[in-house]
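Written below as structure tokens is the structure these notes are about.
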Amino acid sequence: MTDADEPTEPRAFDAEPILAVLDRHGVEYLIVGGYAARVHGSARPTRDVDVTPATTRENLDRLAAALRELDARIRTDAVPEGLPFSTTGEALVGRRMLNLQTRHGELDLTIRPAGFEGGYDELVARSVSRSIGQIQVRVAALEDVIRSKEVAARDKDIRALPELYRLANIARQPPTI
């Protein structure tokens, strides 16, 4: 057996290059979903980053410019390189979700996460500021990540909940002296 034949650990997903492009374009957004769970301490791996952008027209225009820089394409199993789509702010108005492939990895635009029809505006007040590498980002509150996973109720969300409940209970514990 050669070194090339030996099994290797999957490489951890690095969202920083995607977030750096969003940051450079001044996009207002917060991180939700599995990547937000990881920021809050979950050990469950993820292969993408879910972001919920503010839906003002100006912000959607900035987001569209960032998506063009990222060479974003609609992710589909049938076409590995993804499908092109209109990356204009106008084309993003009214969307609920876009699963995208970028040159830096997978990016899901989750405009209205499960359980949060108000999207960014509903989530931002409870969000927390965190550093991802050199980028300062807003991350949905752990309780909101939990609620969204409960409402979505997909198998992978249900499997993630026990660990998230434990993390929430740890966060609520008073400090010991």
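Heads up, the numbering used here is the position in the sequence shown plus 8, with the first residue counted as 1. Using N, Cα and C, we set each Cβ at its ideal position, and we do this for glycine too.
Member of the options whose CA lies at the smallest distance from the CA of residue i
i: V40; options: N177, G141, M105; result: M105
i: R52; options: F21, D69, T60, L78; result: F21
i: R154; options: Q144, E125, D165; result: According to the sequence provided, residue 154 is Ile. The question's Arg does not apply to it. Closest by alpha carbon: D165.
i: R146; options: P61, E171, N67, E158; result: P61
i: N67; options: L100, H48, A122; result: L100
i: L172; options: R162, A160, A161, E151; result: E151
i: A133; options: P25, A149, A122; result: A149
i: V29; options: R103, I143, A86; result: I143
i: R65; options: R103, A44, A122; result: R103
i: H189; options: R70, Y43, A45, P25; result: No information on residue 189 is available, as it lies outside the stretch 9 to 185 that the chain covers here.
i: P88; options: G97, E98, N107; result: N107
i: G42; options: D31, A86, R162; result: R162
i: P121; options: N177, G97, A160; result: A160
Sequence-distant residues of the same chain with beta carbon closer than 7 angstroms to residue i, five excluded per side
i: T63; result: I119, G127, Y128
i: L91; result: R81, I82, T84
i: G49; result: L175
i: G45; result: It should be noted that the sequence gives Ala, not Gly, for residue 45. These residues qualify, in order along the chain: R52, V153, A168, L172.
i: H112; result: P25, I26, L78
Limits of the beta strand (DSSP E) - the one that residue i falls within
i: A49; result: For the record, residue 49 in the displayed sequence is Gly; it is not Ala. Where G49 is concerned, there is no enclosing beta strand (DSSP E), given that its DSSP letter is neither H nor E.
Supposed contact pair residue j and residue i - C-beta distance, whole angstroms, cut 8 angstroms
i: V35; j: L115; result: The pair is not a contact, with the Cβ atoms about 11 angstroms apart (cut-off 8 angstroms).
i: F124; j: L117; result: The pair is not a contact, with the Cβ atoms about 14 angstroms apart (cut-off 8 angstroms).
i: L169; j: E158; result: 7 angstroms
i: T110; j: L78; result: 4 angstroms
i: L27; j: S135; result: Contact flag wrong, Cβ pair sits at about 15 angstroms.
Bounding residues of the alpha helix (DSSP H) (the contiguous stretch that carries residue i)
i: L75; result: 65-77
i: V87; result: Run containing V87: none; DSSP gives neither H nor E here.
i: S94; result: No alpha helix (DSSP H) contains S94, which DSSP labels as neither H nor E.
i: S156; result: 150-160
i: E24; result: 24-32
i: E125; result: Counting along the chain, E125 falls outside any alpha helix (DSSP H), and DSSP gives it neither H nor E.
According to DSSP, residues forming a beta bridge with residue i
i: Y37; result: P61
i: D116; result: D58, N107
i: V145; result: R138
i: T82; result: Checking the displayed sequence, the identity of residue 82 turns out to be Ile instead of Thr. In DSSP, I82 forms a bridge with L91, L108.
Close beta carbons around residue i, own chain, < 6 angstroms, minus the five adjacent residues each side
i: T95; result: A72, L75, R76
i: V47; result: R138, V147
i: D56; result: E114, D116
i: P15; result: Note on P15: pLDDT 38, under 50, position unreliable in the model; no value is reported.
i: F93; result: I82
Residues of its chain near residue i, where Cβ-Cβ distance is below 8 angstroms and the 5 sequence neighbours each way are ignored
i: E24; result: I140, G141, Q142, I143
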